[in-house]
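Residue numbers (this note's numbering): 442 to 614. Step one of this worksheet: look at the structure below.
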Amino acid sequence: MLNLIMLTCYIFNALMFIQTNHPMVMTLIVIIQTFIAAMYLGLLSLSYWFCYILTLAFLGGMLVLFVYTTTLASNEIFSVSIMELMIISGILLCLLGIVMFLDHFFQFLSNNDMLIASNNSIINYSETDNLLTKLYNTSTSMITLLLMSYLLLTLIVIVKITDIFSGPLRQKN
442 MLNLIMLTCY
452 IFNALMFIQT
462 NHPMVMTLIV
472 IIQTFIAAMY
482 LGLLSLSYWF
492 CYILTLAFLG
502 GMLVLFVYTT
512 TLASNEIFSV
522 SIMELMIISG
532 ILLCLLGIVM
542 FLDHFFQFLS
552 NNDMLIASNN
562 SIINYSETDN
572 LLTKLYNTST
582 SMITLLLMSY
592 LLLTLIVIVK
602 ITDIFSGPLR
612 QKN
């Protein structure tokens with residue numbers, strides 16, 4: 442059921458993206474799409490680590506696009522009418538109602554498949570735990586500490602190099 446609700450929200454956001462023309466709203470919709478896709482991929486896979494890293498990398502790129510669009514369209518007016526909000530809310534409620542009805546309909550057809558899938562997932566979780574503990578073993582601890590130190594040093598150097606008053610964003614008053 443959760444998969445169907447997330448798929449409905451994903452499709453609804455895609456339809457909303459087509460209808461919008463303001464760059465800030467488009468950025469917000471893409472970020473919401475990213476979170477929905479990451480949650481869906483996390484449900485499909487056995488570990489959320491890959492989805493988490495993929496989401497962070499994508500949101501880093503979206504941050505660059507967000508800063509770029511704020512410099513280009515900083516004074517653009519955004520307005521939404523109440524009628525549009527009511528239509529959008531009605532469509533979303535109808536889609537969620539249809540999804541819930543279809544989920545209850547298909548639930549009666551696949552009770553045996555759910556039991557088989559749950560038994561397989563218990564076995565796979567133990568395999569996933571073993572894979573995650575290999576990352577922090579004593580044999581790889583030096584590489585992990587080196588990477589963390591390198592990232593911290595890079596962060597400190599970048600903060601010291603950048604000057605907030607001469608950046609591409611608007612000046613502080």
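Virtual Cβ for every residue (Gly too), placed ideally from N, Cα, C. Predicted, not measured: the structure shown is a model, and the values here were computed from it.
Membership of N578 in any alpha helix (DSSP H) is not indicated, and neither H nor E is assigned to it by DSSP. A479: member of the alpha helix (DSSP H) spanning 464-485, first to last residue. Using a 10 angstroms sphere on the CB of C450, the tally of other CB atoms reaches 16 or more, which defines it as buried.
For the pair of segments examined, the region 447-462 was found not to touch the region 493-507: the number of CB pairs separated by less than 8 Å stays below three.
Between the region 464-472 and the region 511-518, the count of Cβ pairs shorter than 8 Å is three or higher; the stretches touch.
DSSP, read as helix, strand or coil, puts Y489 in coil.
Collapsing the DSSP output to three states places T585 in a helix.
With distances taken between CA atoms, G502 lies nearest to T475 out of T475, I523, G483. Excluding its 5 nearest sequence neighbours in each direction, I529 has C-beta neighbours in its own chain below 8 Å: M457, listed in chain order.
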